[in-house]
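Undergrad: Each residue of the sequence shown is one higher than the last, beginning at 102 in this note's numbering. Sharing a structure here in structure tokens format.
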Amino acid sequence: MIEKMIMLNSIEDVKNFVNIASSKDYEIDLNSGKYTVDAKSIMGIFSLDLTKPLKVTIQSDDENFLKEIEPYIYTKTK
102 MIEKMIMLNS IEDVKNFVNI ASSKDYEIDL NSGKYTVDAK SIMGIFSLDL
152 TKPLKVTIQS DDENFLKEIE PYIYTKTK
């Protein structure tokens, strides 16, 4: 299992992220506060607060997935 923080800043980001997640055969969840949704569900993602970072939980050790979602990985900048 892998957990990372991501930011989806636009509708296009959400669509691209869902396409990447949907191509995988393992479970991927997004968490915002007390809400958790399937990362392969575009409607589920739009029900979350996209103004804040989301925690993605990958039920795999697939490092390639992390490379594919690298543009969305959240890093704090001051």
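We put the CB at the ideal spot given by N, CA and C, even for glycine. Values in this document were obtained by computation on a predicted structure and should not be read as measured data.
From residue 126 to residue 114, what distance separates their C-alpha atoms?
TA: Rounded to whole angstroms, residue 126 to residue 114 spans 21 Å at the Cα level.
Undergrad: Tell me which residues share the same chain as residue 133 and place their Cβ nearer than 6 Å to its Cβ, disregarding the 5 neighbours each side in the sequence.
TA: Answer for residue 133: 149, 150 and 155, listed in chain order.
Undergrad: I'd like the list of long-range same chain contacts for residue 161, defined as Cβ closer than 6 Å, with 5 residues on each side in sequence excluded.
TA: For residue 161, where only same-chain residues beyond five positions count, the Cβ hits under 6 Å are 127.
Undergrad: Taking Cβ positions, are residue 107 and residue 173 nearer each other than 8 Å?
TA: Yes, the Cβ-Cβ distance between residue 107 and residue 173 is below 8 Å.
Undergrad: Report the partner residues of residue 105 according to the DSSP bridge assignment.
TA: Residue 105 pairs with 157.
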